[in-house]
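Trainee: Each residue of the sequence shown is one higher than the last, beginning at 24 in the working numbering. Ideal Cβ placement from N, Cα and C applies to all residues, glycine included. Before we start, here is the structure in question, set down as structure tokens.
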Amino acid sequence: MFTLVIGGAASGKSEYAESRVLRLPGRRIYLAAMRPWDQECRARIARHRRLRRDKGFETVERYTDLAGAEIPAGTNILLECMSNLAANELYDPDGGGEESVLRGVEALLSQCGHLTVVTNEVFSGGAAYEEDTLRYLRSLARINRLLAARADTVAEIVCGLPNYLKGGPVP
24 MFTLVIGGAA
34 SGKSEYAESR
44 VLRLPGRRIY
54 LAAMRPWDQE
64 CRARIARHRR
74 LRRDKGFETV
84 ERYTDLAGAE
94 IPAGTNILLE
104 CMSNLAANEL
114 YDPDGGGEES
124 VLRGVEALLS
134 QCGHLTVVTN
144 EVFSGGAAYE
154 EDTLRYLRSL
164 ARINRLLAAR
174 ADTVAEIVCG
184 LPNYLKGGPV
194 P
């Protein structure tokens, strides 16, 4: 099974995704993609770790090359978040671009019991962006479209509430 959770900043998408994974039986892995570049990133990572404490998640940090991750068979994976992973794959010297992201998701799906991916909704800002930012936004939008087509369930989170674009609320 594959669930894609999409939403804007501070929409409640992470909390929603966690709550879905917590309802699944079995082992849970939180696959973290945010690199601890600076103090702000480290603070966000620490906050997320505090929020997950005592919820039964094992944390695996993986910034690029999801296909190289060794995941125990049947595990429930929460990938947080596609926006960070896409940026890493596009801009990191070790990154392999969009195709590496898509290969990685397929590799996870072949190993896990259930994959839940959190991603950001893009292009709602309506602002004029520099070309490099547009490249990232277009790439993430393409990845999101392809993942949505592949997913069993797609939930857009608005104000903490799920709007099911595909599939439904079971787990």
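#1: Among His137, Gln134, Cys182 and Asn107, which has the Cα closest to the Cα of Leu160?
#2: Based on the DSSP secondary-structure assignment, which residues constitute the bridge partners of Arg51?
#3: Report the three-state DSSP secondary structure of Ile174 (helix, strand or coil).
#4: Whole angstroms is fine: what's the gap from Arg85's alpha carbon to Ala92's?
#5: Bridge partners of Leu184, per DSSP?
#6: If we call anything under 9 Å between Cβ atoms a contact, is Leu138 one with Thr26?
#7: Which one of Arg67, Arg126 and Tyr152 has the shortest CA to CA distance from Leu169?
#8: Taking buried to mean at least 16 other C-beta atoms within 10 Å of its own C-beta, is Tyr53 buried or exposed?
#9: Quick check on Val145: does DSSP put it in helix, strand or coil?
#10: Go ahead and label Cys182 buried or exposed: buried means 16 or more other beta carbons lie within 10 angstroms of its beta carbon, across all protein chains shown.
#11: From the DSSP secondary-structure annotation, give me the bridge partner or partners of His137.
#12: On the three-state DSSP scale, how would you describe Leu94?
#13: Quick one: measure Cβ to Cβ for Val44 and Leu101, integer angstroms, because I've assumed they're closer than 8 Å.
#14: Ends of the alpha helix (DSSP H) at Leu74?
Mentor: With the structure as the only source:
#1: Put simply, of His137, Gln134, Cys182 and Asn107 the residue whose alpha carbon is nearest the alpha carbon of Leu160 is Asn107.
#2: Per DSSP, Phe80 and Asn99.
#3: As written in the sequence, residue 174 is Ala, which differs from the Ile given in the question. Collapsing the DSSP output to three states places Ala174 in coil.
#4: Between the alpha carbons of Arg85 and Ala92 lies a distance of about 8 Å.
#5: Val181.
#6: In contact: Leu138 and Thr26 (Cβ atoms closer than 9 Å).
#7: Of the candidates Arg67, Arg126 and Tyr152, the one whose C-alpha sits nearest the C-alpha of Leu169 is Arg126.
#8: The C-beta of Tyr53 has 16 or more other C-beta atoms within 10 Å across all chains shown, which makes the residue buried.
#9: If DSSP states are grouped into helix, strand and coil, Val145 belongs with coil.
#10: If you draw a 10 Å sphere on the C-beta of Cys182, you find fewer than 16 other C-beta atoms in it, and that means exposed.
#11: For His137, which the question treats as bridged, DSSP gives the partners Asn99.
#12: Looking at the sequence shown, residue 94 is not Leu but Ile. In the structure shown, Ile94 sits in coil (DSSP, three-state: anything other than H, G, I, E or B).
#13: Indeed, because the Cβ distance is near 5 Å, the residues count as touching under 8 Å.
#14: For Leu74, the enclosing alpha helix (DSSP H) begins and ends at Gln62 to Arg75.
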